[in-house]
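Quick note, the first sequence lines up with residues 41 to 530 if you use our numbering.
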Amino acid sequence: MTIRTHNTLTGKKEPLQTIEPGHVKLYVCGITSYDYCHIGHARSSLAFDMIVKYLKYRDYKVTFVRNFTDIDDKIITRANEQNTTSEELANRFIQEFYTDMDKLGIDRPDIEPKATEHIAEMVSMIEELISKGKAYEAGGDVYYIVDSFPEYGKLSKRNIEDMKAGARISVNEQKQHPMDFVLWKASKPGEPKWQSPWGEGRPGWHIECSAMSKKYLGESFDIHGGGQDLIFPHHENEIAQSEGANCKPFAKSWIHHGFVTIKDEKMSKSLGNFLTIRDILNNYHPEILRFFIFSTHYRNPLDFSEAAMQDATTGLVRLYECVAAVDQLDSLQTDESSPTVFTDKDLKKIESLEERFQQAMDNDFNTAQAQGIFFDTIKTINKVRTKLSPTPLSKDIKTLKVSIATLKKLAAIMGLLREDAATFLHNKQEAMLSGLDISAETIEALILERNQCRIDKNWSRSDEIRDELLAKNIELKDGADGTAWIVKAN
RNA sequence: GGCGGCGUAGCCAAGUGGCCAAGGCAGUGGUCUGCAAAACCAUUAUUCAUCGGUUCGACUCCGAUCGCCGCCUCCA
Numbered sequence: 041m042t043i044r045t046h047n048t049l050t051g052k053k054e055p056l057q058t059i060e061p062g063h064v065k066l067y068v069c070g071i072t073s074y075d076y077c078h079i080g081h082a083r084s085s086l087a088f089d090m091i092v093k094y095l096k097y098r099d100y101k102v103t104f105v106r107n108f109t110d111i112d113d114k115i116i117t118r119a120n121e122q123n124t125t126s127e128e129l130a131n132r133f134i135q136e137f138y139t140d141m142d143k144l145g146i147d148r149p150d151i152e153p154k155a156t157e158h159i160a161e162m163v164s165m166i167e168e169l170i171s172k173g174k175a176y177e178a179g180g181d182v183y184y185i186v187d188s189f190p191e192y193g194k195l196s197k198r199n200i201e202d203m204k205a206g207a208r209i210s211v212n213e214q215k216q217h218p219m220d221f222v223l224w225k226a227s228k229p230g231e232p233k234w235q236s237p238w239g240e241g242r243p244g245w246h247i248e249c250s251a252m253s254k255k256y257l258g259e260s261f262d263i264h265g266g267g268q269d270l271i272f273p274h275h276e277n278e279i280a281q282s283e284g285a286n287c288k289p290f291a292k293s294w295i296h297h298g299f300v301t302i303k304d305e306k307m308s309k310s311l312g313n314f315l316t317i318r319d320i321l322n323n324y325h326p327e328i329l330r331f332f333i334f335s336t337h338y339r340n341p342l343d344f345s346e347a348a349m350q351d352a353t354t355g356l357v358r359l360y361e362c363v364a365a366v367d368q369l370d371s372l373q374t375d376e377s378s379p380t381v382f383t384d385k386d387l388k389k390i391e392s393l394e395e396r397f398q399q400a401m402d403n404d405f406n407t408a409q410a411q412g413i414f415f416d417t418i419k420t421i422n423k424v425r426t427k428l429s430p431t432p433l434s435k436d437i438k439t440l441k442v443s444i445a446t447l448k449k450l451a452a453i454m455g456l457l458r459e460d461a462a463t464f465l466h467n468k469q470e471a472m473l474s475g476l477d478i479s480a481e482t483i484e485a486l487i488l489e490r491n492q493c494r495i496d497k498n499w500s501r502s503d504e505i506r507d508e509l510l511a512k513n514i515e516l517k518d519g520a521d522g523t524a525w526i527v528k529a530n
């Protein structure tokens with residue numbers, strides 16, 4: 041089986057074929073660092089984290105580069121508002137970004153270049169473009185000649201004529217053609233600036249990715265990724281710059297993920313309908329956010345709501361409860377004369393887990409389908425587990441243990457089931473209990489009282505206690521080895 | 001207006017032309033239980049926005065229509 045990925049350039053799913061065998065070179069556009077990250081950024085980071093983890097699981101070597109845009113108009117404006125330098129502001133939010141990423145359990149890329157540390161590479165690429173007649177200097181700015189690149193529009197599937205009709209391009213006297221875009225901007229007084237052959241200035245937005253991907257991955261590499269909103273103009277312009285300067289194909293394949301929406305509208309700063317990663321992590325465990333993000337395919341829009349997060353919570357807890365239940369089987373006495381409780385069908389289902397998972401993930405990283413396979417598997421595990429005799433066959437226990445180990449290994453690719461199950465469930469209870477006006481001691485005391493009532497067959501008082509606790513969201517579970525309690529999600 | 005995408009059960013969501021259209025949440029009936037809860041079992045789309053077409057056969061391919069979303073300006 042080969043991995044197939046959807047390529048924006050061709051609009052098709054294609055088998056992954058790396059330029060260098062067994063080695064994937066991946067470049068992803070990272071954040072512009074001027075504010076806290078929202079869950080749209082989380083989706084982006086999580087999607088590529090999952091993709092890298094899966095590629096590594098499939099034995100690829102991966103070189104993963106993700107940049108920081110640490111100089112641009114928004115950064116300068118925000119820095120002025122805060123009476124600080126753009127450098128300080130950008131670095132501060134890079135640190136905040138790391139705080140969020142670490143909480144989400146996202147692995148660091150291999151290389152994280154910053155735009156401001158690659159001015160020389162950008163300048164030399166711009167010079168190359170000028171010398172090839174693909175760019176021109178005008179009043180200290182440098183522009184790319186879009187008409188010099190016949191394939192312009194091949195990624196976003198649009199042509200220059202249609203775009204001119206759209207006519208929302210800002211008027212700029214300097215430009216020879218309205219679609220020409222800036223490679224180098226002359227600095228205004230007080231703005232951050234670097235020396236260049238065209239005077240003091242700073243780079244345009246798109247050139248950094250062309251220059252840095254070339255430096256770290258080469259002129260041609262395997263996959264370039266980012267959000268769907270980057271297709272045009274950012275990635276289209278990158279192609280024009282890189283292929284124009286290098287005269288070689290740029291990224292072979294393009295992966296673009298969908299947006300996070302709220303009430304079906306794109307989350308964005310201008311609409312003010314965004315939630316930061318830390319807003320979410322205040323209320324939900326990071327794995328719940330991961331579970332939610334991966335519950336749909338990465339290219340589809342994903343609508344955020346509290347209800348959806350509750351569903352994700354319930355689903356993840358169900359997985360953890362299964363893991364915890366199997367973990368507890370250690371304490372059982374085994375008996376080799378017991379019959380096996382596995383049917384052939386059960387075994388087949390459990391043993392095919394990894395293969396089915398790979399099939400789903402090979403198909404353009406279909407995490408939604410993969411999650412379905414997890415649930416399908418735990419259904420079988422739970423079924424078998426409940427059929428276990430008090431003194432089961434040790435081989436049956438072993439089979440269950442092995443399948444849980446496989447499940448955890450595969451779930452880890454999405455960053456799920458990485459905690460000890462009992463601890464996860466316990467911490468979740470603690471967190472929920474702290475929001476209630478009842479202590480664990482009070483609950484335990486009431487359970488003791490109720491159990492005495494039950495021995496006395498005083499059902500009315502016993503039920504009263506249970507209802508009383510239920511009113512406070514405490515649910516009781518009477519089992520063979522006593523009464524357990526959980527805090528109910530509301 | 002141009003381009004791209006989406007429309008599958010009450011909600012979310014898979015589905016790479018051909019066995020009963022995954023899975024989750026919610027619901028219903030049952031097993032278990034003193035009664036419950038959890039878990040388990042069973043059940044919930046003669047149908048995949050609509051209408052045509054291609055095909056022996058389509059949710060899956062093609063065309064049209066309706067609806068929603070995104071990009072075309074900074075944006076993950």
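Just so you know, even glycine gets a beta-carbon here, dropped at the ideal spot from N, CA and C.
Host alpha helix (DSSP H) of residue i (start-end)
i	result
residue 499	499-511
residue 231	Here residue 231 belongs to no alpha helix (DSSP H), and DSSP marks it neither H nor E.
residue 283	276-286
residue 381	It is not in any alpha helix (DSSP H) - residue 381 carries neither H nor E in the DSSP assignment.
residue 485	480-495
residue 407	407-427
Residue j beta carbon less than 8 Å from that of residue i
i	j	result
residue 263	residue 291	yes
residue 332	residue 90	no
residue 108	residue 154	yes
residue 44	residue 277	no
residue 115	residue 126	yes
residue 533	residue 247	Residue coverage of the chain in this structure runs from 41 to 530, which leaves residue 533 outside it and unanswerable.
residue 531	residue 258	Residue coverage of the chain in this structure runs from 41 to 530, which leaves residue 531 outside it and unanswerable.
residue 284	residue 174	yes
residue 361	residue 465	yes
residue 299	residue 62	no
residue 98	residue 68	no
residue 381	residue 436	yes
residue 48	residue 195	yes
residue 130	residue 110	yes
residue 434	residue 376	yes
residue 378	residue 420	no
residue 166	residue 234	no
residue 93	residue 413	no
residue 418	residue 359	yes
residue 410	residue 401	yes
Beta-carbon separation (whole angstroms), residue i vs residue j, contact threshold 8 Å
i	j	result
residue 136	residue 76	6 Å
residue 193	residue 224	The pair is not a contact, with the Cβ atoms about 23 Å apart (cut-off 8 Å).
residue 170	residue 177	7 Å
residue 214	residue 179	5 Å
residue 444	residue 363	6 Å
residue 329	residue 82	7 Å
residue 315	residue 344	7 Å
residue 406	residue 337	6 Å
residue 255	residue 121	That pair is no contact at about 33 Å.
residue 55	residue 42	5 Å
N-terminal and C-terminal residue of the beta strand (DSSP E) that residue i is part of
i	result
residue 266	261-267
residue 124	Premise fails: residue 124 is in no beta strand (DSSP E) and is neither H nor E.
residue 55	52-55
residue 226	221-226
residue 377	Here residue 377 belongs to no beta strand (DSSP E), and DSSP marks it neither H nor E.
residue 63	63-68
residue 175	175-178
residue 101	101-106
residue 243	241-243
residue 186	No beta strand (DSSP E) holds residue 186; DSSP gives it neither H nor E.
Option nearest residue i by Cα separation, candidates the options
i	options	result
residue 324	312, 302 and 350	350
residue 427	504, 383 and 522	383
residue 150	101, 478 and 230	101
residue 439	473, 179, 486 and 386	386
residue 526	496, 501 and 473	473
residue 188	117, 93, 287 and 436	287
residue 168	42, 251 and 239	251
residue 341	305, 156, 417 and 359	305
residue 128	156, 142 and 148	156
residue 441	365, 509 and 401	365
residue 85	103, 138, 46 and 57	138
residue 458	46, 145 and 117	145
residue 143	183, 414, 399 and 327	327
Query raised in the report: Are the segment 507-520 and the segment 478-496 touching, with three or more C-beta to C-beta distances below 8 Å?
Result: Short answer: they touch.
**Report entry** Three CB pairs or more closer than 8 Å across the segment 383-401 and the segment 360-372
**Finding:** By the Cβ rule, the segment 383-401 does not count as touching the segment 360-372, because fewer than three pairs are nearer than 8 Å.
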